[in-house]
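Engineer: Take a look at the following structure, please.
Protein chains in written order, with the numbering used here: chain X, 5 to 127; chain D, 5 to 127.
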């Protein structure tokens, strides 16, 4: 059931595809939302900086709710499926340099499945 | 520069993560947009059907513009990075069964980089 590339698959269209949750919920919702934590302007900052960086073909997309609201704002980078929480432009600068340019990981911001919430049961 | 998993990376949070472009542009824009080709109700259909299917932990997200508007409506499935164009609920049923359930590919709907538009130059 897990995803993965198969022999004969087309080459990837982007080297990396970053999805930044910009979902906004009504004020006071118990889960909160990424937009109330400034994900929209921070996504714009990330997109602009990535456009200037030596990172290969990377697209920075806005996305709907990624369902890890409590840890937000969150973003996920594919194909590696690495999730980050971030708060500031400096956090994003570090993700660009360490992850997108150097191919490393920003351990202090990276999320693991154990950070929650529990993923939905396998359908 | 290309993305990929590294030793020590956390387990993936979702088995597969589907991003469906629901971007809407002003009427008459030369590139068109996925929303004018019914991507919003079709995304809702896909999400509901995936929730009932035996596909593992799959999330169906809305996304902003995926920048392949001329081929739209489009969706992309990660981690494998496979892109599809689709028009109908029947197309989505085939993607669920063949790709998400069986791990195959729906060749008649799958996009390759050569289908365009040319990806942005490497930054």
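Every residue gets a Cβ at the ideal spot worked out from N, C-alpha and C, and that includes glycine.
Closer than 8 Å between beta carbons: that is the criterion. Which residues of the segment 29-47 of chain D meet it against chain X?
Structural biologist: Flagged: no residues at all.
Engineer: Residues of chain X with CB under 8 Å from residue 15 of chain D, in chain order?
Structural biologist: By Cβ distance, chain X contributes 116 and 117.
Engineer: At 8 Å on the CB atoms, spell out the chain X contacts of residue 92 of chain D, in chain order.
Structural biologist: Going along chain X, no residue has its Cβ under 8 Å from residue 92 of chain D, so there is no contact; the nearest lies around 22 Å.
Engineer: Quick check: is the beta carbon of residue 19 of chain D nearer than 8 Å to any beta carbon in chain X?
Structural biologist: It does; some Cβ of chain X falls within 8 Å.
Engineer: Cβ closer than 8 Å: which chain D residues qualify as neighbours of residue 71 of chain X?
Structural biologist: Result: 63.
Engineer: Scan the segment 71-87 of chain X for residues whose Cβ lies nearer than 8 Å to a Cβ of chain D and list them as they occur along the chain.
Structural biologist: Result list: 71, 72, 80, 81, 82, 83, 84, 85, 86 and 87.
Engineer: For residue 9 of chain D, which three-state DSSP category applies?
Structural biologist: In this structure, residue 9 of chain D counts as coil in the three-state DSSP scheme.
Engineer: With DSSP run on the structure shown, which of helix, strand or coil describes residue 96 of chain D?
Structural biologist: Helix.
Engineer: Thinking residue 27 of chain X and residue 39 of chain X are a contact (beta carbons under 8 Å), I'd like their distance in whole angstroms, please.
Structural biologist: 6 Å between Cβ atoms; contact.
Engineer: Can you check whether the C-beta of residue 102 of chain X is within less than 8 Å of a C-beta belonging to chain D?
Structural biologist: False, the Cβ-Cβ gap to chain D never drops below 8 Å.
Engineer: Cutting at 7 Å between CB atoms, please list the residues of its own chain near residue 119 of chain D, excluding the five before and the five after it.
Structural biologist: 75, listed in sequence order.
Engineer: Check whether chain D comes within 8 Å of residue 89 of chain X, counting only Cβ atoms and requiring the distance to be less than that.
Structural biologist: No, residue 89 of chain X does not count as interfacial toward chain D.
Engineer: Going by alpha carbons, who is nearest to residue 54 of chain D out of D:88, D:108, D:126 and D:99?
Structural biologist: For the residues D:88, D:108, D:126 and D:99, the minimum Cα distance to residue 54 of chain D belongs to D:99.
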